[in-house]
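Participant: Got a structure here, written out as structure tokens. Questions coming.
Numbering (the UniProt record's numbering), first residue to last: 1 to 357.
Structure below.
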């Protein structure tokens, strides 16, 4: 499982299709002055006196643009303030780094054309940034993560409802993104490690009952690179088809992350619609939560770990022994053959059923 573009759209309510959020990730001194002067309307003398690097302080953005808009403000002043607020939002939440205090002026390049701001696939950029942060946080000596963590938390609540806090009783499905469903009251467990260890309840598609309000966007089947500025992260929809309402099949090779992220101007990074899985590659739709592709299950059993038993902590309730697991697989295979091909083998079924007595 992973966070998909559909998750971002449903939970956060931001666009996942549109222009890719690509561009140079660095800013030299000359470009910095030009971006801040023309993008935010800041006079050169203020830049020289108050700004000393290629990053903008969140506190400076807040102080400079606070209470600057009035009834008689010009359109240009309003646009500058909106861009300043968006940069502040980027630096505090959406594209926060581990300092939590500054935002690179490189993001201002995406805001220069005021009318085009709404046409960017911001959700895809946020997800690319989160994938990069999660990849870095998975390393042994890393102890922090810097990304839009509330999105990750809400994703857990949606797909693993056992860990969700109490619902927000004021939530209105038609008017709010799914992130608004939850209160900020934390849930507690007497033994959280044991709870997580034996947890089995998963919702593949928690949005199935609201598809009439928020349909599945076909861009969620994108297979390629998500971008944020000059950084790229692989997004392989063919590996999480079950989350997108289809039977999971044996996936093709994942899209490899480029060693050099500098070529983000290529078509494959900018035009997402040219890299969407075809109907054939999506496979059949899953009609029930237990709908599966038998060939995929056999493949998964060979390449992965269908059961994991912690040392000295065995639970007969949740983890069957290998002999029982093997029997269940054989029984399921016989039943599938009976349903799909009309091949009833009563002698083999009888032999397997006696195993459970």
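Glycine included, C-beta positions come from ideal geometry on N, C-alpha and C.
(1) Alpha carbon to alpha carbon, what distance is there between residue 21 and residue 133?
(2) By the DSSP assignment, the alpha helix (DSSP H) with residue 150 in it spans what residues?
(3) Mind the definition here: the segment 29-48 touches the segment 157-164 only if three or more C-beta pairs lie below 8 Å; say whether that holds.
(4) With residue 148 and residue 226 assumed to form a contact (beta carbons below 8 Å), what rounded beta-carbon distance in angstroms separates them?
(5) Can you list, in chain order, the residues of its chain with a C-beta nearer than 8 Å to that of residue 213? Leave out the 5 residues immediately preceding and following it.
(6) Let me make sure I understand the geometry here. Which of 179, 165, 164 has the alpha-carbon closest to that of residue 171?
(7) Which residues in the same chain have their Cβ closer than 6 Å to the Cβ of residue 18, if we skip the five residues on either side of it in sequence?
(8) Which runs of the alpha helix (DSSP H) at least 4 residues long sit entirely within the segment 20-76? Give them in chain order.
(9) For residue 112, which residues from the same chain have a beta carbon less than 8 Å from its beta carbon, with the 5 sequence-adjacent residues on both sides left out?
(10) Go ahead and label residue 68 buried or exposed: buried means 16 or more other beta carbons lie within 10 angstroms of its beta carbon, across all protein chains shown.
(11) Can you tell me whether residue 98 is buried or exposed, with buried defined as 16 or more other CB within 10 angstroms of its CB?
(12) Looking at chain C, is there any beta carbon in it that lies within less than 9 Å of the beta carbon of residue 50?
(13) Per DSSP, which one or two residues make a beta bridge with residue 223?
(14) So which of 206, 277, 216 has the shortest CA-CA distance to residue 235?
(15) Cβ of residue 137 within 9 Å of Cβ of residue 232?
(16) Give the C-beta separation of residue 205 and residue 245 to the nearest angstrom, bearing in mind that I take them to be a contact with Cβ-Cβ under 8 Å.
(17) If you draw a straight line from the alpha carbon of residue 15 to that of residue 86, how long is it in whole angstroms?
(18) Assuming residue 249 and residue 283 make a contact with CB atoms under 8 Å, what is their CB distance in whole Å?
(19) Between which two residues does the beta strand (DSSP E) holding residue 104 run?
(20) Exposed or buried, which one is residue 144 when buried takes at least 16 other CB atoms within 10 Å?
(21) Are the CB atoms of residue 298 and residue 6 nearer to each other than 9 Å?
(22) Hey, would you say the C-beta of residue 159 is under 8 Å away from at least one heavy atom of the ligand NAD?
(23) Which two residues bound the contiguous alpha helix (DSSP H) that contains residue 294?
(24) Return helix, strand or coil for residue 182, following the three-state DSSP convention.
(25) Is it buried or exposed, residue 288, if we count other Cβ atoms within 10 angstroms and call 16 or more buried?
(26) In or out: residue 104 buried (at least 16 other Cβ within 10 Å) or exposed?
(27) Less than 9 Å separating the beta-carbons of residue 106 and residue 27?
(28) Please return the same chain residues whose Cβ sits closer than 7 Å to the Cβ of residue 286, not counting the five positions on each side in sequence.
(29) Between residue 228 and residue 125, which are expected to be in contact by the criterion C-beta below 8 Å, what is the C-beta distance as a whole number of angstroms?
(30) For residue 359, which residues from the same chain have a beta carbon less than 7 Å from its beta carbon, with the 5 sequence-adjacent residues on both sides left out?
(31) Just to confirm, is the Cβ distance from residue 279 to residue 24 under 9 Å?
(32) Is residue 58 near residue 32, with beta carbons less than 9 Å apart?
Facilitator: Result, derived from the coordinates:
(1) 17 Å
(2) Its alpha helix (DSSP H) spans residues 149-159.
(3) Verdict: no, contact absent.
(4) With 8 Å as the limit, residue 148 and residue 226 do not qualify as a contact, their Cβ atoms being about 14 Å apart.
(5) 173, 174
(6) 179
(7) Non-local C-beta neighbours of residue 18 in its own chain, meaning closer than 6 Å and more than five positions away in sequence, comprise 119, 120, 121, ordered along the chain.
(8) Counting whole runs of 4 or more residues, the segment 20-76 contains the alpha helix (DSSP H) stretches 29-40, 44-50, 58-65.
(9) Result list for residue 112: 35, 38, 39, in chain order.
(10) exposed
(11) exposed
(12) Among the chains in the structure shown there is no chain C, since it carries only a single protein chain.
(13) 236
(14) 277
(15) no
(16) 6 Å
(17) 15 Å
(18) 5 Å
(19) Taken as a continuous stretch (DSSP letters only), the beta strand (DSSP E) holding residue 104 covers 102-104.
(20) Looking at its Cβ environment, which holds fewer than 16 other Cβ atoms inside 10 Å, residue 144 is exposed.
(21) Not in contact: residue 298 and residue 6 (Cβ atoms no closer than 9 Å).
(22) Summarising the ligand content, the structure contains no ligands, and the ligand NAD is consequently not present.
(23) 294-303
(24) Assigned with DSSP and collapsed to three states, residue 182 falls in strand.
(25) exposed
(26) buried
(27) The answer is yes: Cβ separation under 9 Å.
(28) 242, 245, 246, 247
(29) 4 Å
(30) Residue 359 is absent from the structure shown; the chain starts at 1 and stops at 357.
(31) In terms of Cβ geometry, residue 279 and residue 24 do not form a close pair [threshold 9 Å].
(32) no
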